[in-house]
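The structure under discussion appears below in the form of structure tokens.
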Amino acid sequence: MMFAGAALLLAAAGVYGLSARYVSERQREIGVRMTLGASPRDIGVLVLRDVGIITALGLAIGLPGAYTLALVARSFLYGVSATAPEVFLWAVGVLATVAILSALLPARRAARLDPVVALRE
Numbered sequence: 001m002m003f004a005g006a007a008l009l010l011a012a013a014g015v016y017g018l019s020a021r022y023v024s025e026r027q028r029e030i031g032v033r034m035t036l037g038a039s040p041r042d043i044g045v046l047v048l049r050d051v052g053i054i055t056a057l058g059l060a061i062g063l064p065g066a067y068t069l070a071l072v073a074r075s076f077l078y079g080v081s082a083t084a085p086e087v088f089l090w091a092v093g094v095l096a097t098v099a100i101l102s103a104l105l106p107a108r109r110a111a112r113l114d115p116v117v118a119l120r121e
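1 is the number of the first residue of the sequence shown in this note's numbering; add one for each residue after it.
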């Protein structure tokens with residue numbers, strides 16, 4: 001459980017870092033969008049959608065790899081199914097939730113961005 005918690009914390013920190021960098025690199029574009037009439041809600045949805053796409057892509061790539069490794073590790077487990085579908089569903093749900101929650105702060109920062117300051121920088 002300790003290793004799983006540490007891995008989840010690292011995943012959350014990674015997604016937060018990715019989201020924060022995404023917002024800072026696209027600050028000028030976000031300023032232009034807001035100047036042209038995008039609402040703060042639209043900007044927040046834009047950031048969260050992009051993080052959701054990256055998360056879905058990561059899960060689509062990672063799930064087959066995890067399943068393959070579970071089949072390899074099956075010989076080390078006694079009395080426990082290595083490929084239980086509910087475990088994979090829980091993992092997907094928890095990782096997706098953590099990814100979206102860790103992207104909320106950068107999305108909020110992007111939504112509160114002053115367009116004049118963003119265009120000036």
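Glycine is no exception: its CB is placed at the ideal position from the N, C-alpha and C atoms.
CA-to-CA distance, residue j to residue i, given in whole angstroms
{"i": "G17", "j": "F3", "result": "21 Å"}
{"i": "V47", "j": "G14", "result": "15 Å"}
Among the options, the one whose alpha carbon lies nearest that of residue i
{"i": "Y67", "options": "I54, V45, Y78, A91", "result": "A91"}
{"i": "L10", "options": "R28, Y78, V98, L119", "result": "V98"}
{"i": "V94", "options": "A56, D42, P40, S39", "result": "A56"}
Buried or exposed by the 16-neighbour rule on C-beta atoms within 10 Å, applied to residue i
{"i": "T83", "result": "exposed"}
{"i": "P64", "result": "exposed"}
C-beta atoms of residue i and residue j nearer than 7 Å
{"i": "A103", "j": "G44", "result": "no"}
{"i": "P115", "j": "V23", "result": "no"}
{"i": "A118", "j": "R33", "result": "no"}
{"i": "I30", "j": "L89", "result": "no"}
Is the number of C-beta pairs between the segment 40-53 and the segment 11-27 that are closer than 8 Å three or more? yes
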